[in-house]
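First residue of the sequence shown: 1, per UniProt numbering; consecutive thereafter.
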Amino acid sequence: MAHHQTGTKNSTSKNPRTPEASKTSKAIRPTAVKGKTAPTNPTAASTGNTREKTHISTSITTEGEMTANVLLEALGTTLAPELLVEALTHRSFSHEHPGAKNYERLEFLGDAVLELVSTETLYAAHPDMTEGQLAKMRAKAVSEESLSHIAREKLHVGPYILLGNGEAEQHGAEKSSILCDIVESLIGATFIQHGIDEARKVVHHLVDDTLAEVATEGPALDWKTSLTVKAHDMGLGEPYYRMSVSGPEYAQVFTAKAMLEGSDEVIGIGKGSSKRKAQLAAAEAGWKALDNRH
């Protein structure tokens, strides 16, 4: 949500999408991306009657003239203003502004909904595939790479994300790990407000194209397994990963170095918001490095 337009207490939406949105009276003042700072008195926190409650008006525009309605239309559903704000709030923002809810609980829920709907879709579409094949396709479809692509290309959600000062200066709204989380949190928010049927519709709207594409992919379905197979085929040692972590607790970055037993060579390096994501990225880099040796 990269904008600096500050709403007043009497602002209303000119073209409300939902009854909930039409009741909105206060505009959110989010942190800006691209190195700009967060507000000193954010409306994204609600700690009592002495502070403004969280609201986002469908009439509020960002620097790119995008409105909340545009985001909701891209998502394919409606969300109450306070729930939408929570789904867009990174923990770095809530860390700097105690009382503001962040998206982590919604992300946790949305991840489960996403996996369920993806699983039932793949199960129905590929009756002849084994459990292992289905699991690999699902992992690829809901990977950080796939979901961050959806966030950028379908939702264009980056400018809406609420970030703390430090994360904003590091261009957090452009990070794949955060964009991936936002997709899951929006799915979780949809489930909370509308239930499983609407959440299922949103998941299909967002990921059906990806679910169709993954059936045609090869080693990219499971980079760690693919790296192990390639190393064995080349007579090399078993792949393993050396891990390190950096950054503050609320914005940790994991780094994985893919290596082969019997060698000190690093064949691939990957970064991610979790150990698993970092290892997958390192495995991909390692697989490509070995493939280029042929």
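Built from N, CA and C at the ideal position, the CB exists for glycine as well.
When secondary structure is reduced to three states using DSSP, Pro159 falls in the helix class. According to the DSSP assignment, Gly76 belongs to no alpha helix (DSSP H), since it is labelled neither H nor E.
When secondary structure is reduced to three states using DSSP, Arg276 falls in the helix class. Contact check for Glu107 and Asp181: beta-carbon distance about 5 Å, within the 8 Å limit, so the pair qualifies.
For Ala151, there is no enclosing beta strand (DSSP E), as DSSP marks it with neither H nor E.
CA-to-CA, the gap between Phe254 and Tyr103 works out to about 20 Å. A check of alpha carbon separations from Val113 across Asn292, Glu174, Ile192 identifies Ile192 as the nearest.
For Gly270, the three-state secondary structure derived from DSSP is strand. Counting C-beta pairs with one atom in each stretch, the segment 125 to 143 and the segment 153 to 173 have fewer than three that are closer than 8 Å, which means they do not touch.
When the five nearest sequence neighbours on each side are left out, the beta carbons in the same chain lying within less than 8 Å of the beta carbon of Leu260 are those of Ala231, Leu236, Gly237, Glu238, Pro239, Tyr240, Ile267, in order along the chain. Its Cα nearest to that of Gly76, the residue Glu198 stands out among Ser263, Glu198, His294. For Ser92, the uninterrupted alpha helix (DSSP H) segment begins and ends at 91 to 96. If you ignore the 5 residues before and after Lys101, its C-beta comes within less than 6 Å of the C-beta of Glu86, all in its own chain and listed in chain order. Scanning its chain for C-beta atoms nearer than 6 Å, with the 5 sequence neighbours on each side dropped, one finds around Leu179 the residues Ser148, Ala151, in chain order.
Around the Cβ of Arg200, a 10 Å sphere holds 16 or more other Cβ atoms; the residue is buried. Per DSSP, Thr255 is one residue of the beta strand (DSSP E) stretching across 253 to 260. Ala215 is positioned such that its CB atom lies closer than 8 Å to that of His126.
By the neighbour-count criterion, in which 16 or more other beta carbons inside 10 Å mark a residue as buried, Ser143 falls on the buried side.
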